[in-house]
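Undergrad:
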Amino acid sequence: MATNTRKSVALVTGGGSGIGRATAVRFAELGYSCVVADIDEQSAKETLGMLQTPGIAVQVDVTMATSVEAMVTAAVQRFGRIDCAFNGAGTEGSYAKIADHPEEEFDRVMGVNAKGVWLCLKYEIAQMLQQEPVVSDPARWADKPDVCRFRGVRGSIVNASSQAGLVGHPYNSPYCASKWAVLGITETAAVEYAKDGIRVNAVCPVVTATPMLDRIKAKLPPHLRGQDYTKFFPVGRIAAPEEIAEAVCWLCSDACPFTTGEHLKIAGGM
Ligand SMILES: NC(=O)c1ccc[n+]([C@@H]2O[C@H](COP(=O)([O-])OP(=O)(O)OC[C@H]3O[C@@H](n4cnc5c(N)ncnc54)[C@H](O)[C@@H]3O)[C@@H](O)[C@H]2O)c1
1 MATNTRKSVA LVTGGGSGIG RATAVRFAEL GYSCVVADID EQSAKETLGM
51 LQTPGIAVQV DVTMATSVEA MVTAAVQRFG RIDCAFNGAG TEGSYAKIAD
101 HPEEEFDRVM GVNAKGVWLC LKYEIAQMLQ QEPVVSDPAR WADKPDVCRF
151 RGVRGSIVNA SSQAGLVGHP YNSPYCASKW AVLGITETAA VEYAKDGIRV
201 NAVCPVVTAT PMLDRIKAKL PPHLRGQDYT KFFPVGRIAA PEEIAEAVCW
251 LCSDACPFTT GEHLKIAGGM
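Counting from 1, position 200 in the sequence shown corresponds to residue 200 in full-length UniProt numbering; the numbering is continuous, with no gaps.
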């Protein structure tokens, strides 16, 4: 088992925009080398340009196994291992009640948000299983040899769910279904790989100021447009992507070795 004296490696899908971009930036601020992956390669390169640590930009379509496998291969070829991953790539889908929703939209949204997370886990976990467990800060845990952190960690993964993965989300049933699916996949992966030293958690943000939110506002049915979102949340505002990024990096970090299979609602007191 190795001691963690080197810099860790983080992979972020959806890293070209919004929460994914903020997460890559935060990982880099914390000293991680970064793999910034997105279907929009140019946006991934723009994010890479914001980082002060070593990194690569990778074009990936998370709905395709060959593409996801190639992303993981590129990460390992460059950095040798993947310590942390944030599976943030996602799509908001369209807005209509179920009776009016096009069938193909259900498949598309589930493909990106649910199958995409599943495929990323599949290849990230396969890689992490080959990695030697790393012990970080062993002196701190020297008197607690049974603490899982002391046994070493192969990797830690956080998936993007949503508040829409916890409650119903009118007019957005495919998105809602996909985000509930992410929680089921997260909890299952966490149980399957807990003894291997791989942690898997999820975040469930509410309304966050990203390009996705701008698109959602334009797609809402007319009677829901122009709402003041700040009224919904006790803190009196919506989230900034950097606030979600901070939670992702904490869940990925060595700070919470006993936390796996969890989802963290980030909802401004809602
Ligand atoms: N913004 C919010 O209010 C909010 C709230 C809760 C959850 N989320 C979730 O957080 C995640 C990030 O959302 P965001 O607001 O930053 O959105 P965003 O649109 O700003 O960023 C999403 C990124 O995913 C990429 N992407 C889309 N399809 C892809 C694919 N097939 N393969 C690879 N990359 C792909 C896009 O190119 C984009 O860069 C999403 O999963 C979203 O569902 C967002």
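No residue lacks a Cβ here, since even glycine has one placed at the ideal position from N, Cα and C.
These numbers were taken from a predicted model, which means no experiment stands behind them.
Does the beta carbon of Ala114 fall short of 6 Å from some heavy atom of ligand 1?
TA: No; taking the cut-off as 6 Å, the Cβ of Ala114 has no heavy atom of ligand 1 nearer than that.
Undergrad: Is Val207 near ligand 1, in the sense that its beta carbon is under 6 Å from a heavy atom of that ligand?
TA: For ligand 1, at least one heavy atom lies less than 6 Å from the Cβ of Val207.
Undergrad: Check whether the Cβ of Met110 sits closer than 6 Å to any heavy atom of ligand 1, and report yes or no.
TA: No, ligand 1 has no heavy atom inside 6 Å of this Cβ.
Undergrad: Can you grab the Cα-Cα spacing for the pair Ala267 / Trp180, in whole Å?
TA: So the alpha carbons of these two residues sit roughly 16 Å apart.
Undergrad: For ligand 1, is there any heavy atom lying closer than 6 Å to the beta carbon of Ile173?
TA: Ile is not the amino acid found at residue 173; the sequence shown has Ser there. It does not: the Cβ of Ser173 is nowhere closer than 6 Å to a heavy atom of ligand 1.
Undergrad: Can you have a look at Ile98 and say buried or exposed, based on whether 16 or more other CB atoms are within 10 angstroms of its CB?
TA: So Ile98 ends up on the exposed side.
Undergrad: Does the beta-carbon distance from Leu183 to Ser162 come in below 7 Å?
TA: No, Cβ-Cβ distance for Leu183 and Ser162 is not below 7 Å.
Undergrad: For Thr208, which of Glu192, Tyr229, Val191 and Ile198 has the nearest alpha-carbon?
TA: The residue with the shortest Cα to Cα distance from Thr208 is Tyr229.
Undergrad: To the nearest whole angstrom, what separates the beta carbons of Thr63 and Val112, a pair I think is in contact under 8 Å?
TA: Thr63 to Val112, Cβ: 6 Å. Contact.
Undergrad: Would you mind stating whether Ala57 and Ala65 have Cβ atoms separated by less than 7 Å?
TA: No; because the gap between Cβ atoms is not below 7 Å, this pair is not in contact.
Undergrad: Pick helix, strand or coil for Val35, following the three-state DSSP scheme.
TA: Residue state, collapsed to three classes: strand.
Undergrad: Reducing DSSP to helix, strand and coil, say where Arg26 ends up.
TA: The answer is helix: DSSP assigns Arg26 an H, G or I state.
Undergrad: Which partner residues of Pro205 appear in the DSSP bridge assignment?
TA: DSSP lists Ile266 as partners of Pro205.
Undergrad: Going residue by residue through the stretch 211-268, where are the continuous beta strand (DSSP E) segments of at least 3 residues, counting only ones entirely within it?
TA: Runs of the beta strand (DSSP E) inside the stretch 211-268: 263-266.
Undergrad: Can you pull the DSSP bridge partners for Gly93?
TA: DSSP, once it has assigned bridges, lists no residue as partnering Gly93.
Undergrad: With distance defined between alpha-carbon atoms, name the residue in Cys84, Pro211, Ile244 and Cys256 nearest to Ser17.
TA: Of the candidates Cys84, Pro211, Ile244 and Cys256, the one whose C-alpha sits nearest the C-alpha of Ser17 is Pro211.
Undergrad: With distances taken between CB atoms, is the gap from Ile82 to Arg154 smaller than 7 Å?
TA: Not in contact: Ile82 and Arg154 (Cβ atoms no closer than 7 Å).
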